[in-house]
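A.B. asks: Right, I'll just put the structure down here and ask away after.
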Amino acid sequence: MHNIRPKRKGEKRGATGDQVGRGTTAVIHKGSWRGLDIAVKCINPDFFHSNESSVTFFVQEIETLSKQRHPFVLHLVGACLEPPEYGWVMTEFCIMTLKEWLHGKWERQKERSIPLPPF
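Heads up, the sequence shown is in this note's numbering, so the first residue is 11 and it goes up one at a time.
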C-alpha cells in the first residue's frame, strides 16, 4: 500500500479532480494517479473534532479496506493519516451507482403495470 502524504504548499498533484459525491463526513473526487482512474475520499476535519473515537474508527476502516480482495469491492490504493487531510484513495469503479446496479438504469413507470385492487 502506498502512503499518500498531504499536498504541500505550492505542490501540484494530479489526484483530485471533479467532485463526484458528498456525504455528511466526506467529499469524494474523481481523479487519476499513476495512470489509474481513482476516487479520492477527503474526510471533513470537523468529523474528527466532533467525536473522540473518530481517528480510531478511521484507522480501523482503512485497515479493513486494505485487506479486502473482491471484484465488487473497491481496491484501496493509499491513505493519508496526517491531520488535517485525512482521506483515502481507491481505484474507481464508478460505471454506475449501487442503485442502478441493483435496480437497473431504466426510468420508473408512472403507471402501475398491475393495478391495485379497489378499496
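For each residue, glycine too, the CB sits at the ideal point set by N, CA and C.
Out of Lys77, Leu126, His113 and Arg32, which one is the CA nearest neighbour of Cys52?
C.D. replies: Taking the sequence shown and counting its residues from 1, one reaches residue 52 at position 42. Cα-wise, what sits closest to Cys52 is Arg32.
A.B. asks: Just mark Ile124 as buried or exposed, buried being the case when its beta carbon has 16 or more other beta carbons within 10 Å.
C.D. replies: Walking along the sequence shown from the start, residue 124 turns up at place 114. Per the 10 Å Cβ criterion, exposed.
A.B. asks: On the criterion of 16 or more Cβ atoms from any shown chain inside 10 Å, does Gly114 qualify as buried, or is it exposed?
C.D. replies: Here residue 114 corresponds to residue number 104 of the sequence shown, with the count starting at 1. Classification for Gly114: exposed.
A.B. asks: Can you round the beta-carbon distance between Val50 and Val99 to whole angstroms, since I take them to be within the 8 Å contact cut?
C.D. replies: Residue 50 sits at position 40 when you count from the first residue of the sequence shown. Residue 99 sits at position 89 when you count from the first residue of the sequence shown. Val50 to Val99, Cβ: 5 Å. Contact.
A.B. asks: By the 10 Å Cβ neighbour count, where 16 or more other Cβ atoms means buried, how is Gly97 classified, buried or exposed?
C.D. replies: Working through the sequence shown from its first residue, we reach residue 97 at position 87. So Gly97 counts as buried.
A.B. asks: Have a look at Glu73 and Gly88 and give me their C-alpha separation to the nearest angstrom.
C.D. replies: In the sequence shown, counting from the first residue as 1, residue 73 sits at position 63. In the sequence shown, counting from the first residue as 1, residue 88 sits at position 78. Roughly 11 Å between the two C-alpha positions.
A.B. asks: Applying the criterion that 16 or more other CB atoms from any shown protein chain within 10 Å of the CB defines a buried residue, is Phe68 buried or exposed?
C.D. replies: Locating residue 68 in the sequence shown gives position 58, counting from the first residue. With 16 or more Cβ atoms within 10 Å of its Cβ, Phe68 is classed as buried.
A.B. asks: For Leu86, count the other beta carbons within 10 Å of its own beta carbon; 16 or more makes it buried, fewer makes it exposed. Which is it?
C.D. replies: To locate residue 86, count along the sequence shown from 1; it is residue 76. Under this definition Leu86 is a buried residue.
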